[in-house]
Every structure is written in structure tokens, then in C-alpha cells.
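Okay, so the sequence shown: first residue is 239 according to our numbering, each after it adds one. Written out below as C-alpha cells is the structure these notes cover.
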Amino acid sequence: MENIKSASMRTLKEKLNACHLLLNDGCAYKEINTNWLNKFCAKFFDLTNALHDYMGHNLEEHVEMISLCLTQVVVCIRYLECTFKAETANGTVIPASRQHFLDRMRWCLERLRSLHPSEEQSFLKIMDSTLDILTTFNSDINETEGEEKDLLSISKQIRGNVDLILSHILAFANVALQQDKKALSALCQKVLRECAAFQSECEIKKSNRSNRNLRATSLEHALCQLEDYINEALLRLVFTCFLDFDKFSIEKMRNVFRKMSSDDSIADEIIADFDVNVDRTTQIGIFAIAFSPNLKMRTKFRSCLASFESLDTSLVPALQTTGSELHSELLEQHFNEEVRKFKTALQEIIDSRAFVSCYLEMLTVGIIASEKQFNKSQLQDLAQMSCALIEHFQLPINQKILLKSKQGDYFQQYLQMVRECKAILMCAAQVEPQRIIKRFKILRTVLRKLHDGIATDHLENTFHTTAGASRDNLSVNVGMLEFMGTIPSTSSILYDNSQRRKRVQRPMIGIRNTSTLNNLHGNAAQLNITKTNNHGSVRRRESLRTVLFKRQNMTENPKLYNSICNESASLQISDILDQLTHLSSGLSVIEPRT
239 MENIKSASMR
249 TLKEKLNACH
259 LLLNDGCAYK
269 EINTNWLNKF
279 CAKFFDLTNA
289 LHDYMGHNLE
299 EHVEMISLCL
309 TQVVVCIRYL
319 ECTFKAETAN
329 GTVIPASRQH
339 FLDRMRWCLE
349 RLRSLHPSEE
359 QSFLKIMDST
369 LDILTTFNSD
379 INETEGEEKD
389 LLSISKQIRG
399 NVDLILSHIL
409 AFANVALQQD
419 KKALSALCQK
429 VLRECAAFQS
439 ECEIKKSNRS
449 NRNLRATSLE
459 HALCQLEDYI
469 NEALLRLVFT
479 CFLDFDKFSI
489 EKMRNVFRKM
499 SSDDSIADEI
509 IADFDVNVDR
519 TTQIGIFAIA
529 FSPNLKMRTK
539 FRSCLASFES
549 LDTSLVPALQ
559 TTGSELHSEL
569 LEQHFNEEVR
579 KFKTALQEII
589 DSRAFVSCYL
599 EMLTVGIIAS
609 EKQFNKSQLQ
619 DLAQMSCALI
629 EHFQLPINQK
639 ILLKSKQGDY
649 FQQYLQMVRE
659 CKAILMCAAQ
669 VEPQRIIKRF
679 KILRTVLRKL
689 HDGIATDHLE
699 NTFHTTAGAS
709 RDNLSVNVGM
719 LEFMGTIPST
729 SSILYDNSQR
739 RKRVQRPMIG
749 IRNTSTLNNL
759 HGNAAQLNIT
769 KTNNHGSVRR
779 RESLRTVLFK
789 RQNMTENPKL
799 YNSICNESAS
809 LQISDILDQL
819 THLSSGLSVI
829 EPRT
């Protein structure tokens with residue numbers, strides 16, 4: 239059996255080396271050569287097939303990274319094909335575009351050559367692990383002398399987990415909406431305070447069990463409150479992120495650069511806004527990966543984020559460089575396609591009721607603000623955000639919701655009111671503000687009917703109970719917040735991008751670093767996920783994730799949920815093979831230039 243494994247591994251390495259050598263040959267070509275790309279597709283197809291056969295029982299721990307690397311190579315092959323087509327159409331070689339995609343392909347092959355287990359733990363796993371441990375303190379199991387001696391080590395493990403949780407929160411808070419930053423800071427402060435109290439109780443010799451359990455319960459509630467708020471803030475950020483993709487589009491940046499004079503402060507501002515939106519997209523994607531129901535969906539998100547990561551250092555310079563129009567157009571096409579894929583994948587996993595509820599809340603806040611002081615720009619943003627809901631219900635997976643009861647009629651009324659709101663804003667100078675606000679109030683009324691039609695009693699109670707608690711009882715004092723060495727989580731998705739890493743490491747809320755904690759990534763490697771029964775986490779309360787993401791709704795049917803979560807890697811590799819077959823057959827239509 240070992241000999242078979244060794245032979246299979248040798249075959250994999252040989253096929254990987256063959257792809258690498260052929261890729262080096264491709265870098266040497268100065269003319270358009272689709273024959274080379276066809277040959278590479280054939281070699282890469284062989285490598286993917288070999289991985290498909292070998293992965294079942296040997297590379298399970300690397301399946302996520304393998305799927306990402308293979309998917310990224312397929313993406314780059316497709317855009318090399320687009321590059322060749324553009325070169326043929328324009329009668330010129332585009333070396334910058336070739337180099338960009340060839341470098342990414344080389345990076346992915348090198349990553350496949352040196353696979354190693356990831357030390358990163360998702361926010362979801364760390365949170366569930368911590369809550370599972372805390373739940374055991376309220377069980378009726380009698381403590382033995384040995385278990386009492388382990389209290390100190392357990393409290394240290396919980397503290398390490400809390401530090402990791404806060405590192406994820408810090409990374410999110412750096413790009414969160416301004417109104418969410420202070421609340422997140424206050425909630426993190428509360429978690430640290432409860433964690434310190436719990437730790438102190440565990441360090442006391444012969445500590446009172448009731449006091450210890452009370453501290454554990456308080457910490458559990460603080461963590462749940464933080465998790466609930468981060469989920470709500472995440473949905474609000476999704477709407478803003480979708481809006482900013484239109485506000486700071488590549489086309490608008492290109493136009494700014496063309497008109498740019500010696501004073502480039504406007505250009506710097508739009509670049510900064512674009513960078514912030516990409517960073518926000520990354521944070522949303524990291525949470526979306528954790529909430530995704532299967533490997534295929536996780537790979538979709540990772541591939542989009544990896545593309546954004548690579549384009550981060552190439553796209554804006556290409557727009558600013560004179561004589562690189564064709565190169566920048568190819569990168570723009572690539573970026574826009576990745577944005578479309580990202581938005582579609584995100585819309586597929588977001589729960590419709592939660593999405594509608596979030597926009598309903600934002601719409602209400604906007605109307606109240608406009609009644610106090612009319613703000614046309616704010617209302618325009620709200621009208622544009624409404625398109626995110628329209629896109630959501632246009633997906634086949636979400637359309638079935640509109641088939642029930644009167645939801646379809648309410649949605650048509652919603653479409654009509656969105657059009658009316660946009661129309662009246664176009665002639666706002668000739669219309670009284672109260673008439674404009676009235677249109678938005680009618681839109682809110684229609685949306686509330688749609689929301690009430692979609693929601694179930696259980697989900698409604700869950701949402702409103704937690705949503706109110708997460709805001710009303712916060713005492714915000716950002717200046718007092720000390721994260722005691724906790725730093726934002728800033729690891730890359732796939733490509734090494736030091737420029738972006740420096741940007742996201744820059745804190746945007748009150749943080750004071752000290753040296754009291756070990757490196758967080760080292761802690762992550764030592765994190766022990768609590769073992770539970772076959773039904774998943776033993777946590778006592780259902781997270782707000784239950785209503786925000788469809789993945790968690792499947793807990794109502796554990797058998798179906800487990801079958802989806804345990805989907806084998808072979809399905810994902812088969813999909814990549816199908817894409818490669820399509821690419822290989824399509825490349826032959828491009829005639830090489832002589």
C-alpha cells in the first residue's frame with residue numbers, strides 16, 4: 239500500500255514539474271502562441287486528473303488549498319485566452335497582461351508543490367469551540383480533584399481563544415461602518431472584562447463553583463452578544479460594499495485619471511475609497527467562507543478574494559500608466575467578473591428575511607434622518623442599495639420565496655416604488671422634500687409587508703430579541719479599550735501581497751499594543767477544537783447565524799446538513815476538469831499570428 243502511495247506521489251510531482259517547465263516556456267514566447275496554451279491545458283488537465291485520483295485518501299487536509307490553486311490556474315488560463323484574443327484583434331502583444339497571469343499561475347503551481355496545513359482558524363470555529371468549553375461549566379457533572387487542577391489550563395485556553403476572536407473582530411472593525419466601530423469596541427471591552435474575571439476566578443485555590451459558573455455564563459453571554467452584533471454589522475457592510483462597487487468603479491477611476499491635472503488629490507481620494515472597499519470585500523468574504531455550506535462555495539469565495547488580492551497591486555498602476563490601455567482593460571474586465579461572481583455567491587448564502595430586515599432597518603434610519611435634515615445624497619444611496627434586494631430575488635435559488643402567498647405581489651410593488659423613488663430624486667430640485675420622503679415611506683411600508691410575509695415567528699423572535707439587546711445596553715468608552723497585544727488577523731488568501739498587508743494592519747479604532755500575549759498565529763496553531771457529538775456544537779443557544787445565513791437553517795434537518803457539509807473534494811475537482819475541457823476546445827478557434 240505504501241509503495242502505491244509513493245508511486246502516486248512521484249507521478250503527481252512529475253506532472254507538476256511538467257506543468258512548471260511548460261509554463262517557463264510560455265514566458266519566453268514574444269509572439270501570440272495559442273498552441274503553447276493548448277499544450278499547457280493538456281498537461282494541467284493531466285495534473286488535475288492525477289490529483290483527483292489521489293486526493294480521496296491522502297490529501298484531505300490540503301483539499302481547500304488544492305481546490306483554490308487549481309481554480310486560480312483555470313481563471314488565469316481563461317484570461318490568457320482573453321489576452322491572446324485582444325492581441326489578435328489589436329495586432330500587438332500585451333506583455334504586461336501575459337506576465338500578470340503567468341506569474342499567478344507560477345505562484346499557484348509553487349503553492350501546490352509545497353503544501354502545508356493552514357494555521358488559520360475561522361472566527362466561526364473559534365467562537366463555537368469557546369462557547370462549547372464554557373457550556374461545560376454549567377453541566378451537572380461532578381468535578382474530580384484532577385479536573386479542578388485543570389481549571390487553570392482551561393482558563394488559559396479560553397483566554398487564547400478570546401484573543402483570537404478579538405483579532406478577527408479587529409480586522410473587521412478596521413473596515414466596518416463608522417457607527418459600528420464604537421459598538422464593536424465596547425463589546426470587545428466587555429468580553430475582555432468578563433474573560434479577565436473568569437480567569438481570576440479559576441486561579442483562586444478552592445474557588446467557589448457557583449461563582450466560577452456565573453463568570454462562565456457571563457463570558458458566554460458577552461461572546462454571544464458580540465457575535466450577534468458582528469453578524470448584523472456584516473449585513474450592513476454588505477449593502478455599503480455593493481453600493482461602493484458602483485460609486486468607485488474602475489471606469490470612474492479611469493475617467494478621473496484621464497482628467498487628472500497636476501493636483502491629484504481627487505485621484506488619491508478615489509484610490510483610497512477603492513482600497514477601503516476591496517478591504518471590506520475581503521472581510522465579508524472571510525466570514526462568507528466560514529458560513530459556506532460546501533467546498534465548492536468556499537472555493538468560489540476564496541478564488542474571488544485571491545483575485546482581488548493579486549489585482550490590488552496591479553490594477554490601479556495599470557490605470558495610471560500611459561500606454562497601458564489594453565492591459566488595464568483586461569484587468570478591469572477580470573476585476574468586474576470577479577465582483578459579479580462574488581456578489582452572486584454572497585447572495586446565494588444570505589438568508590432572504592435577514593437581508594430584507596437589514597435594508598428595512600437602514601431605510602427607516604435614513605428616513606428619520608432626512609425628516610430632521612433633508613439629505614438628497616443619503617436618499618440616493620438608499621435608493622441604489624435597494625438594487626441589492628432586487629438582485630437577491632432575481633437569483634433562481636431565492637425566487638421560490640416569492641411564489642408563496644402574496645410575496646410575489648409585494649415584490650412587484652417594491653419594484654414599482656423603487657422606480658418611483660429614483661424618478662422623484664432625479665427632479666428633486668422641483669419637488670418639495672416632504673413629497674420625496676413620502677415616496678420612501680411608501681417604499682418602507684411595501685418592504686415591511688414583504689418582510690412580514692417572508693419571516694417566520696421563530697426567526698422574527700430571534701432577530702428582534704438579539705438586535706435590540708446588542709445596541710441598548712452599551713456603554714461606549716473607546717479610550718479605555720486596551721486589547722492587550724491583540725492585533726488584527728491579516729494573513730493572505732493565496733498571493734503574497736505585502737502592500738495590502740501593511741494597509742490592513744493599520745488600526746482605525748483606539749488600540750494600544752502591549753507585549754503581554756504570544757503571537758496570535760502561534761496560538762492559532764495550538765487551538766484545540768472541542769470534540770462534540772455527531773450533531774455538531776453543544777452550545778446551548780442558537781446563534782444569530784441561524785437566521786442570517788442559509789447554511790445554518792439546515793440544522794433543522796441534520797441528515798441533509800451533514801451530507802452537504804461532507805461533500806467530497808472529487809466533485810470540486812470534477813468541476814475544474816469540466817472547465818478545462820471547455821477551455822481546451824475553445825482555444826483552438828484563436829489562430830496564431832505568423
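In this text, a Cβ means the ideal position worked out from N, Cα and C, and glycines have one as well.
I396 sits in a helix when the DSSP states are folded into three classes.
The three-state reading of DSSP puts I588 in strand, counting E and B together. In this structure, the beta-carbon distance from S541 to L306 falls below 9 angstroms. The alpha-carbon of K251 is positioned some 31 angstroms away from that of D550. I396 is positioned such that its CB atom lies no closer than 9 angstroms to that of C346.
Exclusion of the five residues before and after D619 leaves L481 as the residues of its chain whose Cβ lies within less than 7 angstroms of its Cβ. Within the same chain, F593, V594 and Y597 come within 7 angstroms of L627 by CB-CB distance, once the 5 residues on both sides are set aside. For G329, there is no enclosing alpha helix (DSSP H), since its DSSP letter is neither H nor E.
Annotated as distal: T582 and L543, with beta-carbon spacing of 9 angstroms or more. In the three-state scheme derived from DSSP, where H, G and I count as helix and E and B as strand, G561 is classed as coil. In the structure shown, K644 falls within a coil segment according to DSSP collapsed to helix, strand and coil.
Sixteen is the threshold: since fewer than 16 other Cβ atoms of the shown chains lie within 10 Å of the Cβ of I606, the residue is exposed. Distance from the CA atom of F678 to the CA atom of M664, rounded to whole angstroms, is 14 angstroms. Between F573 and G523 a beta carbon distance of about 14 angstroms is seen, past the 8 angstroms cut, so the two are scored as non-contacting.
When only Cα atoms are considered, D370 and L430 end up about 18 angstroms apart. For K268, no alpha helix (DSSP H) run applies, since DSSP gives it neither H nor E.
Annotation for F539: the continuous alpha helix (DSSP H) segment containing it runs L533 to L549. Here DSSP, grouped into helix, strand and coil, assigns A414 to coil.
I403 counts as buried, since at least 16 other C-beta atoms from the protein chains shown sit within 10 angstroms of its C-beta.
Nearest C-alpha to S643 among S624, N446, D690 and F282: D690.
For the pair Y467 and L425, the CB atoms are nearer than the 9 angstroms cut-off.
Rounded to whole angstroms, S624 and V656 show a C-alpha spacing of 7 angstroms. The beta-carbon distance between F546 and V516, rounded to whole angstroms, is 6 angstroms. This is short enough to meet the 8 angstroms contact definition. Per DSSP, the unbroken alpha helix (DSSP H) holding H459 starts and ends at R447 to K485. Just measuring C-alpha positions, the residue of L254, N412, V669 and K638 sitting nearest C279 is L254. Remark: C-beta atoms of M303 and R349 approach each other more closely than 9 angstroms.
Counting C-beta pairs closer than 8 angstroms gives fewer than three between the segment 468-487 and the segment 438-453, which falls short of the contact rule.
At a cut-off of 4 residues, the continuous stretches assigned as alpha helix (DSSP H) that sit fully inside the segment 582-640 are 590-610, 614-632 and 634-637. The residue among A454, S448 and N412 with its C-alpha nearest the C-alpha of L472 is N412.
Under the three-state reduction of DSSP output, N376 falls in the coil class, being neither helix nor strand. Assigned with DSSP and collapsed to three states, D517 falls in helix.
When Cβ pairs closer than 8 angstroms are counted between the two stretches, the segment 443-463 is seen not to touch the segment 326-336, the count staying below three. About 6 angstroms separates the CB atoms of C257 and L285; that is less than 8 angstroms, so the two are in contact.
Its chain contains S608 and F612 as the residues whose beta carbon lies nearer than 8 angstroms to that of P671, once the 5 sequence neighbours on both sides are disregarded; these appear in chain order.
Taking C-alpha positions only, V669 is separated from T602 by approximately 21 angstroms. Short of 6 angstroms from the beta carbon of S456, and not among the five residues preceding or following it, lie these beta carbons of its own chain, in chain order: E432.
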